[in-house]
Amino acid sequence: MREITTSWGRVTHAEHEVLRPSNREAPLPVAAGISRYLPRGAGRSYGDVGLNADGALWDMAALDRFIGFDDVTGVVRCEAGMRLAALLAIAVPRRWFPPVTPGTKEVTLGGAVANDVHGKNHHVAGTFGRHVRRFALARADGERMVCAPDENPELFAATIGGLGLTGAIIWIELQLRRIPGPWLEVETIPFGSLGEFFALSRASDASHEHTVAWIDAMTPGAPGVFSRANHVPGEDGRIRARGLRLCATAPFNLVRRPALHAFHAAVRARHARRRTARRHYDGFFYPLDGLADWNRLYGPAGFFQYQCALPASAGPEAARAVLDEVARSGECCALGVLKMFGDLPSPGLLSFPMAGPTLALDFPNCGARSQALFDRLDSIVRAAGGRLYPAKDARMAGDFFRQSYPGWRELARRADPAISSNFWRRTTEGAQG
Ligand SMILES: Cc1cc2nc3c(=O)[nH]c(=O)nc-3n(C[C@H](O)[C@H](O)[C@H](O)COP(=O)(O)OP(=O)(O)OC[C@H]3O[C@@H](n4cnc5c(N)ncnc54)[C@H](O)[C@@H]3O)c2cc1C
2 MREITTSWGR VTHAEHEVLR PSNREAPLPV AAGISRYLPR GAGRSYGDVG LNADGALWDM
62 AALDRFIGFD DVTGVVRCEA GMRLAALLAI AVPRRWFPPV TPGTKEVTLG GAVANDVHGK
122 NHHVAGTFGR HVRRFALARA DGERMVCAPD ENPELFAATI GGLGLTGAII WIELQLRRIP
182 GPWLEVETIP FGSLGEFFAL SRASDASHEH TVAWIDAMTP GAPGVFSRAN HVPGEDGRIR
242 ARGLRLCATA PFNLVRRPAL HAFHAAVRAR HARRRTARRH YDGFFYPLDG LADWNRLYGP
302 AGFFQYQCAL PASAGPEAAR AVLDEVARSG ECCALGVLKM FGDLPSPGLL SFPMAGPTLA
362 LDFPNCGARS QALFDRLDSI VRAAGGRLYP AKDARMAGDF FRQSYPGWRE LARRADPAIS
422 SNFWRRTTEG AQG
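With the working numbering applied, the sequence shown corresponds to residues 2 to 434, in that order.
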């Protein structure tokens with residue numbers, strides 16, 4: 002069936018033939034006249050890694066079953082279209098938790114592998130791919146193989162962070178992490194400068210599993226609130242009832258400057274003092290899931306997330322330069338998140354994190370003005386030896402991608418020749434060969 006698919010940022014969309022595999026033993030479906038395919042998870046990537054204009058998508062949503070769960074070791078095997086939300090519902094009552102989780106539970110396990118996602122515990126757990134024991138990979142020509150560190154190791158590495166290009170992951174075996182209960186003890190600490198953020202981060206790395214900061218990137222100096230948390234024992238609580246849903250796209254961008262200033266001021270006032278509280282994992286890890294389809298708030302033009310990783314050596318100065326540039330630009334930055342990545346290596350070829358700070362900044366799409374700001378930010382990130390996150394990107398220049406992800410050539414060699422994406426063509430077309 003032909004459908005128009007929109008990325009999470011709603012800036013890019015494409016028309017595809019959508020094919021829906023539902024039997025994990027069967028070959029992947031193909032369609033007459035279609036020469037390029039791409040697996041699709043839950044569509045939570047902001048840019049165009051999940052789009053494949055004029056080709057087909059394998060929508061993996063129907064492959065969402067549990068295959069096995071060892072309650073004693075915490076090893077789980079699930080089909081790759083399963084969402085983290087479904088895994089959490091089974092695992093948490095048994096006192097297991099995903100080893101790494103992004104800021105939404107509405108991603109599939111296949112999508113989490115293909116972007117090698119990271120969470121607030123990167124400094125102690127690394128990326129998602131470090132906890133994947135094995136998976137089954139299906140290629141468009143019907144070939145199928147199990148990949149693990151000691152079985153088809155090159156494809157194992159190329160598929161972790163491989164942007165779906167090596168084949169469709171059919172099932173995944175994952176090592177979960179023990180937790181004492183669904184609660185976390187969360188300490189929130191206001192800070193007034195980036196220097197304070199870096200000191201807090203250093204002081205918390207050894208004592209806290211989860212660390213992250215919210216920042217007000219529109220205010221010079223980027224004041225913010227640092228959160229650090231550990232899992233603590235406690236009984237199962239009631240999971241937040243299904244949250245609200247934005248039923249339609251706003252007719253225009255509702256995320257505007259005066260409202261944002263008021264919102265940022267309110268957050269800072271609420272966290273004006275250091276505080277410790279017990280929080281349920283659902284509210285701590287997934288606050289944005291409380292409003293389903295919140296991306297529609299930005300209106301028909303959509304929004305961008307600019308997420309960069311900066312190397313530890315140049316990171317603090319470069320992060321400061323990025324944030325100075327944002328504050329000076331006068332552009333609306335609705336959400337700013339700052340975190341220090343650790344140095345645990347990923348088994349993947351194209352993983353985004355590097356030891357040092359990462360900044361994630363949301364901006365409404367204001368056309369040329371937004372692009373001009375991103376170009377200036379790119380110059381700072383490039384000069385510092387940093388890179389942008391493909392899962393969030395809809396616009397980086399091909400040479401920037403290729404320079405900052407030297408593994409791309411090896412990925413191109415391992416990719417399924419029948420698989421492609423808008424992102425891959427945008428960043429590598431003309432450079433292969
Ligand atoms: C609110 C929010 C918060 C987020 N927070 C974080 C965060 O903290 N950290 C982080 O790292 N990311 C974060 N993300 C990004 C998100 O985790 C990634 O984009 C993730 O990959 C999306 O998974 P998905 O299932 O939606 O996959 P999609 O977006 O549908 O696809 C992503 C990529 O995976 C490939 N893919 C999907 N399924 C398969 C499969 N079965 N086999 C092979 N390839 C496949 C696709 O081809 C595509 O290249 C966040 C996103 C949102 C919306």
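No residue lacks a Cβ here, since even glycine has one placed at the ideal position from N, Cα and C.
Since the model is a prediction, treat every value here as computed from it, not as a measurement.
Contact defined as beta carbons within less than 8 Å: I believe residue i pairs with residue j. What is the distance between those atoms, to the nearest angstrom?
{"i": "G316", "j": "P358", "result": "4 Å"}
{"i": "G163", "j": "L350", "result": "7 Å"}
{"i": "Q306", "j": "G112", "result": "Not quite, the Cβ-Cβ distance comes to about 16 Å (not below 8 Å), so this is no contact."}
{"i": "V187", "j": "S228", "result": "6 Å"}
{"i": "T189", "j": "R275", "result": "7 Å"}
{"i": "V147", "j": "R135", "result": "6 Å"}
{"i": "V233", "j": "R279", "result": "7 Å"}
{"i": "N231", "j": "P365", "result": "The Cβ separation is near 36 Å, so there is no contact."}
{"i": "I183", "j": "G235", "result": "Strictly speaking, residue 183 in this sequence is Pro, with Ile absent from that position. P183 to G235, Cβ: 7 Å. Contact."}
{"i": "Y282", "j": "L185", "result": "6 Å"}
Measure the alpha-carbon distance for residue i versus residue j and round it to whole angstroms.
{"i": "L245", "j": "K106", "result": "15 Å"}
{"i": "T212", "j": "R414", "result": "37 Å"}
{"i": "G284", "j": "F264", "result": "19 Å"}
{"i": "Y287", "j": "G104", "result": "5 Å"}
{"i": "F199", "j": "A214", "result": "10 Å"}
{"i": "N153", "j": "A335", "result": "43 Å"}
{"i": "R258", "j": "F192", "result": "22 Å"}
{"i": "N53", "j": "S8", "result": "11 Å"}
{"i": "G300", "j": "A207", "result": "42 Å"}
{"i": "A266", "j": "A328", "result": "15 Å"}
{"i": "R41", "j": "D379", "result": "28 Å"}
{"i": "A141", "j": "S352", "result": "24 Å"}
{"i": "E4", "j": "S205", "result": "47 Å"}
Any heavy atom of ligand 1 closer than 6 Å to the beta-carbon of residue i?
{"i": "A81", "result": "yes"}
{"i": "G116", "result": "The identity of residue 116 in the sequence shown is Asn, whereas the question assumes Gly. Because some heavy atom of ligand 1 lies under 6 Å away, the Cβ of N116 counts as near it: yes."}
{"i": "A1", "result": "Since the first residue of the chain shown is 2 and the last is 434, residue 1 is not available in this structure."}
{"i": "T105", "result": "yes"}
{"i": "P354", "result": "no"}
{"i": "L164", "result": "yes"}
{"i": "G446", "result": "Within the shown structure, residues of the chain are numbered from 2 to 434, placing residue 446 beyond reach of any answer."}
{"i": "H119", "result": "yes"}
{"i": "G57", "result": "The residue asked about is misnamed: residue 57 is Ala in this sequence, not Gly. Flag unset: Cβ of A57 not near ligand 1."}
{"i": "G496", "result": "Given a span of 2 to 434 for the chain in the structure shown, any question on residue 496 remains unanswerable."}
{"i": "I161", "result": "no"}
{"i": "W9", "result": "yes"}
{"i": "R145", "result": "no"}
{"i": "R25", "result": "no"}
{"i": "P40", "result": "yes"}
{"i": "V108", "result": "yes"}
{"i": "S126", "result": "The sequence as given places Ala at residue 126; Ser does not occur at that position. Not under cutoff, so the answer is no."}
{"i": "M61", "result": "yes"}
{"i": "S46", "result": "yes"}
{"i": "A169", "result": "yes"}
{"i": "A149", "result": "no"}
{"i": "A214", "result": "no"}
{"i": "L289", "result": "yes"}
{"i": "G357", "result": "no"}
{"i": "A218", "result": "no"}
List the DSSP bridge partners of residue i.
{"i": "S228", "result": "T189, V213"}
{"i": "Q176", "result": "V76"}
{"i": "F67", "result": "C79"}
{"i": "G337", "result": "I216, L362"}
{"i": "Y38", "result": "A57, I420"}
{"i": "T109", "result": "R84"}
{"i": "T102", "result": "None, per the DSSP bridge assignment."}
{"i": "R415", "result": "R415 pairs with nothing; no bridge assigned."}
{"i": "D15", "result": "For the sequence presented, residue 15 should be read as Ala rather than Asp. Per DSSP, T6."}
{"i": "A149", "result": "E152"}
{"i": "I170", "result": "L138"}
{"i": "G357", "result": "F342"}
Among the options, whose alpha-carbon lies nearest the alpha-carbon of residue i?
{"i": "G331", "options": "A87, G42, C367, W59", "result": "C367"}
{"i": "D49", "options": "H124, N423, A266", "result": "N423"}
{"i": "T102", "options": "A33, A159, Q176", "result": "Q176"}
{"i": "A432", "options": "I420, F401, P354", "result": "F401"}
{"i": "R25", "options": "D60, M2, R45", "result": "D60"}
{"i": "S421", "options": "R37, P99, A15", "result": "R37"}
{"i": "T428", "options": "D394, T277, Y282, A356", "result": "D394"}
{"i": "S405", "options": "Y390, A92, R396, A419", "result": "Y390"}
{"i": "S23", "options": "E174, H17, A81", "result": "A81"}
{"i": "L324", "options": "N122, F375, R426", "result": "F375"}
{"i": "A92", "options": "D344, F70, I161, A398", "result": "F70"}
{"i": "I170", "options": "A218, V382, T109, P181", "result": "T109"}
{"i": "E318", "options": "V31, V118, N122, L195", "result": "L195"}
Is the closest heavy atom of ligand 2 to the C-beta of residue i under 6 Å?
{"i": "A392", "result": "Summarising the ligand content, the structure contains ligand 1 and does not contain ligand 2."}
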